[in-house]
Ligand SMILES: C[S@@+](CC[C@H](N)C(=O)[O-])C[C@H]1O[C@@H](n2cnc3c(N)ncnc32)[C@H](O)[C@@H]1O
């Protein structure tokens, strides 16, 4: 039996001996022993005695085997240096490791595969043209330039998996929600061997450059799977008894569309929307991102700074909401903004827009401030250099309904009755001709318990429990029909807004009114892993 801490120690020594640049170049991040144990156990379940690891690294999966001498273990690894390190540390020849580029080594089959593939964007990958050609030739697969190496590893291994075999891949689950991922999902579905997906809501250090959480893709060629299990794991210990773990959803393969986002399946679909929520938000208008200044350090000012610069707060600046924390209650008005300014919060946007655009003169102090900005190089930033003049920010009107872009836990929704313009910390709702009269009702809906359940399905998952709204994703959110909204009397809506301004909480009757938009689903059946 091996020392279970061995892997961790070797990883630690290796990490200390090579630079982070080298590790990033090769995508060298190591699988925690508990996760590696689960993956190898699941793959070898049923007594199989052969295992292939296409990205060996420091051998986390070999270390996870209770008795490696009984397993025919083979591996690929591109980096001779990491293998040398492993050989020295272990005093083993390691003849089972082929030093090769897995993505360019074709023509093999493997009984079982376990892998933590390197995660790199293809744009940064030196061999990408040769790899693209090889994928087209061998798999008839055209990889998109946006594909990452992990997805390419997965597709290749899936094609190399023998009959009656199993495969476990730990990787970022980004491909489940992005455009390039459609081909990967299509391959998984076509194979008929996708057993399940396990989202690891606990692993953030595995793929530091990834934009979504990590997870494990489980494939099994012993049978054709008609449904895919979506597991959501918050603690690695839950993997110890995987067969007893209930999936959050078990989705029939025929209901899985490769072009759709699959991440919502990890969130308990304990309910479904009813016809009362059959209208998409786009029927009322759309959310757009806030003002991107391109240089907040220049454009966003504290009142004291504006005073020191001699700027006129009325003509050289406009009130703004620069940070999400500046709003703590769900209703925000001019008095709240005044309170921010009284606390000398950075809540003024340097904005000499209209005067500057017409070439008309603006104050001497504003002109001096613009010159100082140029001396500091703010006019050469990514966004500012594309604007003419560079110091003129977008012309916007205040949005009445705001939604916090990032959230851990509950998202922020705000009825903004102030004159303040929001920056990129919030998305603002722009109603269309039909939607203007419904904005306050939409605010109540997004703040309600039911609205939160529905809207949070549109959030993208980042590591470390961070969630993000993208404006386009919000357009598809199911919201109440105009008929249902019409049952909310204007005086009641105003009363609810006043209550929320006062208490910060949603009145019970609002929650009750929107509750019929969802109906409970039956709990999913336990998996038969
Ligand atoms: C994410 S690490 C995983 C290491 C180890 N299997 C583990 O789970 O801890 C990926 C490994 O793949 C190697 N690698 C990167 N590109 C590769 C390629 N094209 N072919 C084979 N190995 C590669 C890296 O050097 C790195 O050691």
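Numbering (the working numbering), first residue to last: 125 to 653.
Think of the CB as a built atom: it goes at the ideal place given N, C-alpha and C, for glycine as much as any other residue.
Check                                                                                                                                                                                       : Outcome
Given that a residue counts as buried once 16 or more other Cβ atoms are within 10 Å of its Cβ, and exposed if not, what is residue 399?                                                    : exposed
When burial is assigned at 16 or more other CB atoms within 10 Å of the CB, is residue 506 buried or exposed?                                                                               : exposed
Within the present structure, is the beta-carbon of residue 179 separated from the nearest heavy atom of ligand 1 by less than 6 angstroms?                                                 : yes
For residue 414 versus residue 562, is the C-beta distance shorter than 7 angstroms?                                                                                                        : no
My assumption, with CB atoms under 8 angstroms, is that residue 226 sits in contact with residue 200. Please give the rounded CB distance.                                                  : 4 angstroms
Could you check whether the Cβ of residue 226 sits closer than 6 angstroms to any heavy atom belonging to ligand 2?                                                                         : Judged by which ligands are present, ligand 2 is missing from the structure shown, whose ligands are ligand 1.
Take residue 655 and list the residues in its own chain whose beta-carbon comes closer than 7 angstroms to its own, dropping the five residues that flank it on each side.                  : Only positions 125 to 653 of the chain appear in the structure, and residue 655 is not among them; the question remains open.
Which runs of the alpha helix (DSSP H) fall wholly inside the region 223-306 and span at least 4 residues, in chain order?                                                                  : 252-263 and 273-284
Can you tell me whether residue 636 is helix, strand or coil according to DSSP?                                                                                                             : helix
Using C-beta distances below 8 angstroms, list every residue in its chain close to residue 548, excluding the 5 sequence neighbours before and after it, in chain order.                    : 413, 414, 415, 416 and 529
Should residue 449 be labelled buried (16 or more other beta-carbon atoms within 10 Å of its own) or exposed?                                                                               : exposed
Would the beta-carbon of residue 272 be found less than 6 angstroms away from any heavy atom of ligand 1?                                                                                   : no
Please report how far the alpha carbon of residue 293 lies from the alpha carbon of residue 177, in whole angstroms.                                                                        : 10 angstroms
Less than 6 angstroms separating the Cβ of residue 200 from some heavy atom of ligand 1?                                                                                                    : yes
Given a cut-off of 7 angstroms on the beta-carbon distance, is the pair residue 489 and residue 433 in contact?                                                                             : yes
If distances are taken between C-alpha atoms only, which option among 367, 390 and 382 comes closest to residue 354?                                                                        : 390
Could you tell me which whole beta strand (DSSP E) segments of length 3 or greater appear in the region 424-465?                                                                            : 441-445
Rounded to a whole number of angstroms, what is the C-alpha to C-alpha distance between residue 219 and residue 235?                                                                        : 19 angstroms
Can you check whether the CB of residue 494 is closer than 7 angstroms to the CB of residue 515?                                                                                            : yes
Give the secondary structure of residue 349 by DSSP, where H, G and I count as helix, E and B as strand, and everything else as coil.                                                       : coil
Tell me the DSSP secondary structure of residue 549 in three-state form.                                                                                                                    : coil
Three-state secondary structure (DSSP) at residue 320?                                                                                                                                      : strand
Among 358, 360 and 343, which has the Cα closest to the Cα of residue 352?                                                                                                                  : 343
Which of helix, strand or coil does DSSP assign to residue 540?                                                                                                                             : strand
Hey, how far is the Cα of residue 72 from the Cα of residue 517?                                                                                                                            : Here the chain covers residues 125 to 653 and nothing more, so residue 72 does not appear.
Let me know if residue 346 comes out buried or exposed under the rule of 16 or more other beta-carbons within 10 Å of its beta-carbon.                                                      : exposed
Return the chain-ordered list of same chain residues with a C-beta closer than 6 angstroms to the C-beta of residue 619, the five sequence neighbours on each side being excluded.          : none
Can the beta-carbon of residue 151 be found closer than 7 angstroms to that of residue 244?                                                                                                 : yes
With respect to the beta strand (DSSP E) encompassing residue 395, which residues constitute its N-terminal and C-terminal limits?                                                          : 395-397
With distances taken from CA atoms, which of 564, 578, 641 and 169 is nearest residue 612?                                                                                                  : 564
Leaving aside the five residues before and after residue 635 along the sequence, list all residues of the same chain whose C-beta is less than 8 angstroms from its C-beta, in chain order. : 572, 573 and 574
What three-state label does DSSP hand residue 355 in the structure shown?                                                                                                                   : strand
Using a Cβ-based criterion (distance less than 6 angstroms to any ligand heavy atom), does residue 446 qualify as near ligand 1?                                                            : no
Who are the near neighbours of residue 274 in its chain, counting only those whose CB is closer than 6 angstroms to its CB and skipping five residues on each side?                         : 241, 243 and 295
Give the DSSP-derived three-state secondary structure of residue 366 in the structure shown.                                                                                                : helix
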